[in-house]
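Trainee: Please find one structure pasted underneath; my questions will follow.
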Amino acid sequence: MHLYPQTTTNRNVPKGAFLFAETSTANDEQHTTYYVDPNCFVWKVGDWIGDKPQHVYIFELCRLTGDTVNMLVARVQQKYSAQEN
Numbered sequence: 001m002h003l004y005p006q007t008t009t010n011r012n013v014p015k016g017a018f019l020f021a022e023t024s025t026a027n028d029e030q031h032t033t034y035y036v037d038p039n040c041f042v043w044k045v046g047d048w049i050g051d052k053p054q055h056v057y058i059f060e061l062c063r064l065t066g067d068t069v070n071m072l073v074a075r076v077q078q079k080y081s082a083q084e085n
């Protein structure tokens, strides 16, 4: 099972988002966080002040995490159904 990040220092990620991955440039100057919002939309956003969230296809997350689409969907469902209870 792949371990996803539990926290991020990226202030552009909204509260309540489910984190999937974080990447950084070679010189560690810019970090990009991949996440799913409570409406189940997949986004990525950099940590610079002017960065805005960009839509991500789920297959990009599969490539980053090594998980299948079904595994990713199950994790998101588990996360948000646990919050409802």
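Quick note: the sequence shown, position 78, residue 78 per the UniProt record's numbering, numbers continuous. Here a beta-carbon is modelled for each residue, glycine too, at the ideal position from N, C-alpha and C.
Using the C-alpha atoms, what's the distance from phenylalanine 18 back to proline 38?
Mentor: 8 angstroms
Trainee: On the premise that threonine 68 lies in contact with threonine 33, defined as a C-beta separation below 8 angstroms, what is that separation, rounded to the nearest angstrom?
Mentor: Actually they are not in contact, since the Cβ atoms of threonine 33 and threonine 68 sit about 21 angstroms apart, beyond 8 angstroms.
Trainee: Along the alpha helix (DSSP H) that carries phenylalanine 18, what are the first and last residues, could you check?
Mentor: Here phenylalanine 18 belongs to no alpha helix (DSSP H); instead the beta strand (DSSP E) covers 18–24.
Trainee: Check the C-beta distance from alanine 21 over to leucine 64 and give it rounded, since I have them as a contact under 8 angstroms.
Mentor: Taking 8 angstroms as the upper bound for CB-CB distance, alanine 21 and leucine 64 are in contact here, some 5 angstroms apart.
Trainee: Taking C-beta to C-beta, are histidine 55 and valine 42 nearer than 9 angstroms?
Mentor: yes
Trainee: Checking the sheet assignment: what are the DSSP bridge partners for tryptophan 43?
Mentor: DSSP lists Tyr35 and His55 as partners of tryptophan 43.
Trainee: From the DSSP output, in three-state form, read off threonine 68 for me.
Mentor: Coil at threonine 68, not helix or strand.
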